[in-house]
Amino acid sequence: MIPGMRLPRRARLPLLVLVPALALTGCGLAAELEREADPARTSQPPPPDASPTPSVPEAEVAPTAPEAPPTGDPGAAEGCPASGFRARAGATDAAMGLRVGRVIVHNCGTKTLKLKGYPVLRVLDMEREPMDTEVVEGTRRISMGPEDPGPSLLVLEPGMSARSTLAWRYWAVDPHTGSGLGAYLKVAPDGETKPQTVEVADGGLDVGEGVLGTTAWQYDISEAPPERS
């Protein structure tokens, strides 16, 4: 180059651009040479965080109590007495002074029950006090009363029912005090089972001090369980 001679301004620009490029290339080359010399350095894990976030424990779930196993006791069914029988008094039919009603016992338990004979009844007034009504087996003493088929052995599977027809003649009832009206019945399917007190439907038994006849237990077809398919 001739002394004293200046390069044009455009010739300087490539040199200025070239210098940073060489610098970057040199840095990349140096890093590559360093990795080849010490390969283990590149595989080192990054330093751990100075303040790690503590883990939050999961909420504990309280264990649930196991369900109680079912029992084989007939009284275990909901609302069923220990005897397995549930009693109720049916509606009353009235015609020319003759009254006809019925009591029903239902096998509400889980065991087969046997029944034979007549119900054991006691007529109670509106205060649930015993009345002087005479309860008899059979209907012969009731004028124009229904026929009594007589005792027979009944086998009641769970869900089956039996009924006894009641018959009596009208007895005057005091409209002010209710005297002479049997509002409740104490019912037992036999002489060994604990009786149940049930309310009489349709206003009660207007039997007073008269005679209440009963038929022997019969199958109650109207409340028989549906046939299994």
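Quick note on the working numbering: the sequence shown kicks off at -7 and runs consecutively. All residues carry an ideal CB built from backbone N, CA and C; glycine is no exception. These numbers come from a predicted model, not from an experiment.
* **residue 144 versus 85, 208, 172, 105, residue with shortest Cα-Cα distance** => Taking the first residue of the sequence shown as position 1, residue 144 is located at position 152. Of the listed residues, the one whose Cα sits closest to residue 144 is 208.
* Asked: With a CB to CB cut of under 7 Å and the five nearest residues on each side skipped, what residues in its chain are close to residue 213?
  -> Mapped onto the sequence shown, residue 213 falls at position 221. There are no such residues.
* **At least three beta-carbon pairs within less than 8 Å, the segment 70 to 77 to the segment 111 to 120** => The way I'd put it, the segment 70 to 77 doesn't touch the segment 111 to 120; fewer than three beta-carbon pairs between them come closer than 8 Å.
* To do: Assign residue 171 to one of three DSSP states: helix, strand, or coil.
  => Here residue 171 is taken as the residue at index 179 of the sequence shown, counted from 1. Reduced to three states, the DSSP call for residue 171 is coil.
* **Closest Cα partner of residue 142 within the set 130, 104, 150, 160** => In the sequence shown, counting from the first residue as 1, residue 142 sits at position 150. Considering only alpha carbons, the answer is 130.
* **Where the beta strand (DSSP E) through residue 190 begins and ends** => Taking the sequence shown and counting its residues from 1, the one referred to as residue 190 is at position 198. Segment 188 to 191, the beta strand (DSSP E) holding residue 190.
* Asked: Apart from the five residues just before and just after residue 126, which ones in its own chain have a Cβ nearer than 6 Å to its Cβ?
  -> Taking the sequence shown and counting its residues from 1, the one referred to as residue 126 is at position 134. Cβ within range, chain order: 203.
* Nonlocal neighbours in the same chain, by C-beta distance under 6 Å from residue 191, ignoring five residues either side -> For the purposes of this step, residue 191 is taken as residue 199 along the sequence shown, with counting starting at 1. These residues qualify, in order along the chain: 176.
* Asked: What is the DSSP secondary structure of residue 153, reduced to helix, strand or coil?
  -> Start at 1 with the first residue of the sequence shown, and residue 153 comes out as number 161. DSSP places residue 153 in strand when its eight states are reduced to three.
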